[in-house]
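Visitor:
Protein chains: 2
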Amino acid sequence: MRPDTRARVKAAVAGLGYRPNLSARSLAGSRSFLIGLCFDNPNPAYVSDAQIGAIGRCRESGYHLLVEPFDALGADPASVLEPMIFNVRVDGVILTPPVSDHPAVLAMLDASRTPYVRVSPERDRTHGPSVYMDDHRAAYDMTVYLLGLGHKRIGFVRGHPDHGVSPRRYDGFAAAMADHGCAVDPDLVRQGYFTFQSGFSAAESLLAQAARPTAVFAASDDMALGVMSVAARMGLTIPADLSVAGFDDNPAAKVVWPQLTTVRQPIAEMAAAAAELLISGEAKTALEAGQPLSRMLDFEIILRQSCGPVKASPSGQ
Amino acid sequence: MRPDTRARVKAAVAGLGYRPNLSARSLAGSRSFLIGLCFDNPNPAYVSDAQIGAIGRCRESGYHLLVEPFDALGADPASVLEPMIFNVRVDGVILTPPVSDHPAVLAMLDASRTPYVRVSPERDRTHGPSVYMDDHRAAYDMTVYLLGLGHKRIGFVRGHPDHGVSPRRYDGFAAAMADHGCAVDPDLVRQGYFTFQSGFSAAESLLAQAARPTAVFAASDDMALGVMSVAARMGLTIPADLSVAGFDDNPAAKVVWPQLTTVRQPIAEMAAAAAELLISGEAKTALEAGQPLSRMLDFEIILRQSCGPVKASPSGQ
DNA sequence: TTGTAAGCGTTATCAA
DNA sequence: TTGATAACGCTTACAA
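Chains as they are written, first to last, in this note's numbering: chain X, 1 to 317; chain A, 1001 to 1317.
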């Protein structure tokens, strides 16, 4: 169109305070300018970060974010998703763990041809677009750091089995141990569920052993905090008697003393990247073409005060 | 209509998998079935609880929740609100502190005749519908509990000055002190901002004094955690050397050792009540009639292990 | 109680 | 480049 026409229209828009009606645009244009964010994560800080990240990208393009907690209210996946897909007809859905791996959710999304992006999904990374970080390498690097401090008997608290990242973090830990000639002692590995409570329970049995570990690496900060709590009650000083490392970089990691050495997950960045793939249409294109699409973002090892050199003569070895 | 007609229609709806299109309903019915939730709160647990509460009520009536963090991304109120009000045209908005008291936000909402509900607003409770708890009384009760343990030199860390609850909590504290013949010592009161960091700083100066308090009551759990952290670094044992009480009942309150004695705020319930007022139309009616409307919900004092009887011969008195 | 028709405020298509 | 016109899928008011 001609520049002066454009200017005249712009002036009119501003002058009359014209505001396009979203509902009308949606109805006529068959796009809702709405993106759904599904989660079922007990960690409010994770959810909050994801929202911030996604919304930041949404605002740039006039999109809005619809939040859908999954299990928080005892709702089953279908009853949450159906309205969002078939009534609201969101333009795309961002799935955070563990929803990223929920088979029924993925199936419903595929069937309805609703574009989606999986954040930190499990193995099947080819099933739909995804954004993630290298959890394996992060765990590997942290373990190498611990080994570098002289630790050999390193305990590990695994993440929730429903989360795709859990096996990757454990494998990274195990790989680093193997590469440095330290076999992973099965007695020093415990199952956790990403919660403080589960870390607490894991540590109780982990640290009660005669030959207890000199360091514990937990697959989440909340669990690491549970470990620290048990250590404190046992009279162990951190890091002198026990080194503790976490994973996430929760705000809580800075609230304890000593502050927690951990891995920073780029949560907001991953969510923003997911929104980007949805808004740009890349996710839709990839999905329709059945082609893989993913973005990997960088993590960061955050060294604080909860890890130190192993004592001269620890209990074991 | 006749029951059999109703049944026939229902069967058809189910059989054909009919899904009313939200955009079309919105356009024709001039209601969006969308509710906005505005917040600007550094505490993810608070935000998360509020979302859970609001969404729970929304789902019952086929509504969806649009989240709008305020300052988190450096956005100014108007640029966040305008699209939500004029483009999306949400049916109502829920304002959590400190947005509940933001003059520009309130003005824009009033001008656009968008129904809203303020959660825990400041003084001007007649300005629009609101839901709240009795912060004054909660602080009063907690202070009485502390006084009952024999504490007389009680420190207080105030909440963020922009939050309406802050003066109410302080006043409740001061009232209880006065009622029990203990003057509030200005040297034992510090300004905080609801964050761990601010509680930490407040405690540093509070506890460095020769005549330090035997108990500290912080207007939020995060600040109380900051106080506990300082105490730990100073070698003070809680609650033997210092009692600490918080306010909120964050998940974090259970993660520290000893666990924090605090006030449980009914955050999810308040958000649910706000959604209720919006969905039922009560908020709209009250707003249009210029009539007051508010709901008060119950708090709860949660006694855990961070408070104990005052030592036989404390530093002061 | 049921059926019919007229919008709702856009986008998209097609002529001009 | 511009203007006119038909959907889009509902709600609502009114007629049957």
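Don't be surprised by glycine CBs; every beta carbon is placed ideally from N, CA and C.
Quick caveat, the model's predicted, so the values are computed rather than measured.
Starting from the Cα of X/Leu303, find the closest Cα among X/Asp4, X/Gly53, X/Pro77 and X/Ala138 and give me that residue.
Guide: Working through the first sequence from its first residue, we reach residue 303 of chain X at position 303. Per the Cα distances, X/Ala138.
Visitor: In chain X, which residues lie less than 8 angstroms from A/Phe1196 when you measure between Cβ atoms?
Guide: The residue labelled residue 1196 of chain A in the question sits at position 196 within the second sequence. Here the neighbours are Pro251, Lys254 and Val255.
Visitor: Determine the extent of the beta strand (DSSP E) in which X/Phe196 is found, giving its start and end residues.
Guide: Start at 1 with the first residue of the first sequence, and residue 196 of chain X comes out as number 196. Taken as a continuous stretch (DSSP letters only), X/Phe196 belongs to no beta strand (DSSP E), being part of the alpha helix (DSSP H) at Phe196 to Leu207.
Visitor: Provide the residue(s) that pair with A/Pro1042 in DSSP beta bridges, ordered along the chain.
Guide: Looking up residue 1042 of chain A in the second sequence gives position 42. DSSP output for A/Pro1042 lists no bridge partner at all.
Visitor: Rounded to a whole number of angstroms, what is the C-alpha to C-alpha distance between A/Gln1259 and X/Ala286?
Guide: What you label residue 1259 of chain A is simply residue 259 of the second sequence in a count that begins at 1. What you label residue 286 of chain X is simply residue 286 of the first sequence in a count that begins at 1. Near 50 angstroms, if we compare the C-alpha coordinates of X/Ala286 and A/Gln1259.
Visitor: In the DSSP assignment, the beta strand (DSSP E) including A/Val1093 goes from what residue to what residue?
Guide: Here the question's residue 1093 of chain A lines up with position 93 in the second sequence. Looking at the DSSP string, the run of the beta strand (DSSP E) that includes A/Val1093 is Gly1092 to Leu1095.
Visitor: Going by CA-CA distance only, name the one from X/Glu269, X/Glu288, X/Pro309 and X/Lys311 that's closest to X/Arg57.
Guide: The count along the first sequence starts at 1 and reaches residue 57 of chain X at position 57. Checked all of X/Glu269, X/Glu288, X/Pro309 and X/Lys311; the closest Cα to X/Arg57 is X/Glu269.
Visitor: Contact between the segment 82-96 of chain X and the segment 109-126 of chain X: three or more CB pairs below 8 angstroms?
Guide: Verdict: yes, contact present.
Visitor: Check the Cβ of A/Val1047 against every Cβ in chain X and list those closer than 9 angstroms, keeping chain order.
Guide: To locate residue 1047 of chain A, count along the second sequence from 1; it is residue 47. Under the 9 angstroms cutoff, chain X gives Pro44, Val47, Ser48 and Gln51.
Visitor: By how many angstroms is the C-alpha of A/Met1223 removed from the C-alpha of X/Val13?
Guide: Taking the first residue of the first sequence as position 1, residue 13 of chain X is located at position 13. Taking the first residue of the second sequence as position 1, residue 1223 of chain A is located at position 223. About 48 angstroms.
Visitor: In the structure shown, what three-state DSSP assignment does A/Pro1083 receive?
Guide: The count along the second sequence starts at 1 and reaches residue 1083 of chain A at position 83. Residue state, collapsed to three classes: helix.
Visitor: Are the segment 1073-1087 of chain A and the segment 1004-1024 of chain A in contact at 8 angstroms, needing three or more beta carbon pairs?
Guide: Because the criterion of three Cβ pairs below 8 angstroms is not met, the segment 1073-1087 of chain A and the segment 1004-1024 of chain A do not touch.
Visitor: Closer than 8 angstroms is the cut-off here; do at least three beta carbon pairs connect the segment 1263-1283 of chain A with the segment 1198-1216 of chain A?
Guide: The answer is no - the segment 1198-1216 of chain A does not touch the segment 1263-1283 of chain A, with fewer than three Cβ pairs under 8 angstroms.
Visitor: Measuring alpha carbon to alpha carbon, tell me which of X/Ile267, X/Ala252, X/Arg6 and X/Val230 ends up nearest X/Leu242.
Guide: In the first sequence, the residue the question calls residue 242 of chain X occupies position 242. Among X/Ile267, X/Ala252, X/Arg6 and X/Val230, the Cα nearest to that of X/Leu242 belongs to X/Val230.
Visitor: What residue does the alpha helix (DSSP H) around X/Glu276 start on, and which one ends it?
Guide: Sequence index remark: in the first sequence, residue 276 of chain X carries index 276 (1-based). Residues Ile267 to Ser280.
Visitor: Output yes or no for whether 7 angstroms exceeds the beta carbon distance between X/Val244 and X/Val256.
Guide: Within the first sequence, the letter at position 244 stands for residue 244 of chain X. Within the first sequence, the letter at position 256 stands for residue 256 of chain X. Result no, Cβ atoms of X/Val244 and X/Val256 do not sit closer than 7 angstroms.
Visitor: Verify whether the separation of the beta carbon atoms of A/Ala1054 and A/Leu1065 is less than 7 angstroms.
Guide: Translated into positions along the second sequence, residue 1054 of chain A becomes position 54. Translated into positions along the second sequence, residue 1065 of chain A becomes position 65. Yes. Within cutoff.
Visitor: Looking at the structure shown, is X/Ser315 part of a helix, part of a strand, or coil, going by DSSP?
Guide: Looking up residue 315 of chain X in the first sequence gives position 315. Because X/Ser315 sits at a pLDDT of 47, beneath the cut-off of 50, its placement in the model cannot be relied upon, and the point is left open.
Visitor: Name the chain X residues whose beta carbon is nearer than 9 angstroms to that of A/Gly1062?
Guide: As a working note, residue 1062 of chain A is residue 62 in the second sequence. Those within 9 angstroms of A/Gly1062 in chain X are Pro83 and Asn87.
Visitor: Return helix, strand or coil for A/Arg1153, following the three-state DSSP convention.
Guide: Position 153 of the second sequence, counting from 1, holds the residue named residue 1153 of chain A. Reduced to three states, the DSSP call for A/Arg1153 is coil.
Visitor: Mind listing which residues of the segment 1111-1138 of chain A have their C-beta closer than 8 angstroms to chain X's C-betas, in chain order?
Guide: From the segment 1111-1138 of chain A, no residue has a Cβ closer than 8 angstroms to chain X.
Visitor: Mind the definition here: the segment 1162-1176 of chain A touches the segment 1199-1209 of chain A only if three or more C-beta pairs lie below 8 angstroms; say whether that holds.
Guide: Verdict: no, contact absent.
Visitor: Suppose you measure from the CA of A/Ala1219 to the CA of A/Tyr1063; what does that come to, to the nearest Å?
Guide: Within the second sequence, numbered from 1, the residue matching residue 1219 of chain A stands at position 219. Within the second sequence, numbered from 1, the residue matching residue 1063 of chain A stands at position 63. Spanning the two alpha carbons is a distance of roughly 34 angstroms.
Visitor: Check the Cβ of A/Arg1233 against every Cβ in chain X and list those closer than 9 angstroms, keeping chain order.
Guide: One-based indexing of the second sequence puts residue 1233 of chain A at position 233. Those within 9 angstroms of A/Arg1233 in chain X are Trp257.
Visitor: Applying a beta-carbon distance threshold of less than 8 angstroms, which residues of chain A neighbour X/Ser306?
Guide: For the purposes of this step, residue 306 of chain X is taken as the residue at position 306 of the first sequence. Under the 8 angstroms cutoff, chain A gives no residues; its nearest Cβ is about 14 angstroms from X/Ser306.
Visitor: I'd like to know whether the C-beta atoms of A/Val1157 and A/Gly1181 end up nearer to each other than 7 angstroms.
Guide: Within the second sequence, numbered from 1, the residue matching residue 1157 of chain A stands at position 157. Within the second sequence, numbered from 1, the residue matching residue 1181 of chain A stands at position 181. Not in contact: A/Val1157 and A/Gly1181 (Cβ atoms no closer than 7 angstroms).
Visitor: For the putative contact between A/Val1067 and A/Leu1037, defined by C-beta atoms under 8 angstroms, what is the C-beta separation to the nearest angstrom?
Guide: As a first step, residue 1067 of chain A is located in the second sequence; it is residue number 67 there, counting from the start. As a first step, residue 1037 of chain A is located in the second sequence; it is residue number 37 there, counting from the start. Confirmed, about 5 angstroms.
Visitor: Would you mind stating whether X/Val263 and X/Met84 have Cβ atoms separated by less than 7 angstroms?
Guide: Position 263 of the first sequence holds residue 263 of chain X. Position 84 of the first sequence holds residue 84 of chain X. For X/Val263 and X/Met84, no; Cβs fall outside 7 angstroms.
Visitor: Kindly indicate which residue of A/Gly1235, A/Asp1071 and A/Phe1086 has the alpha-carbon position closest to the one of A/Arg1031.
Guide: For the purposes of this step, residue 1031 of chain A is taken as residue 31 along the second sequence, with counting starting at 1. A/Arg1031 has its Cα closest to that of A/Phe1086, out of A/Gly1235, A/Asp1071 and A/Phe1086.
Visitor: Give me the chain X residues within the contact set of A/Ser1294, using Cβ-Cβ distance strictly less than 9 angstroms, ordered along the chain.
Guide: Counting from one through the second sequence, the residue named residue 1294 of chain A turns up at place 294. The premise fails here: A/Ser1294 is roughly 25 angstroms from chain X at the closest Cβ pair, so nothing lies under 9 angstroms.
Visitor: Roughly how many angstroms lie between the CA atoms of X/Phe200 and A/Asp1298, to the nearest whole one?
Guide: The residue given as residue 200 of chain X occupies position 200 in the first sequence. The residue given as residue 1298 of chain A occupies position 298 in the second sequence. Spanning the two alpha carbons is a distance of roughly 31 angstroms.
Visitor: X/Ser294 and A/Pro1044 look like a contact to me (Cβ under 8 angstroms); what is the Cβ gap, rounded to whole Å?
Guide: Taking the first sequence and counting its residues from 1, one reaches residue 294 of chain X at position 294. Taking the second sequence and counting its residues from 1, one reaches residue 1044 of chain A at position 44. Rounded, the Cβ-Cβ distance is 27 angstroms, inconsistent with contact.
Visitor: Use the C-beta contact count for X/Ser61: other C-beta atoms within 10 angstroms, 16 or more gives buried, fewer gives exposed.
Guide: Counted from its first residue, the first sequence places residue 61 of chain X at position 61. It is exposed - the Cβ of X/Ser61 has fewer than 16 other Cβ atoms within 10 Å.
Visitor: Do you know offhand how far A/Leu1106's Cα is from A/Arg1059's?
Guide: The sequence position of residue 1106 of chain A within the second sequence is 106, counting from 1. The sequence position of residue 1059 of chain A within the second sequence is 59, counting from 1. Cα to Cα, the separation comes out at about 26 angstroms.
Visitor: Under 7 angstroms, Cβ to Cβ, is there at least one residue of chain X near A/Gly1056?
Guide: In the second sequence, the residue the question calls residue 1056 of chain A occupies position 56. A/Gly1056 counts as touching chain X.
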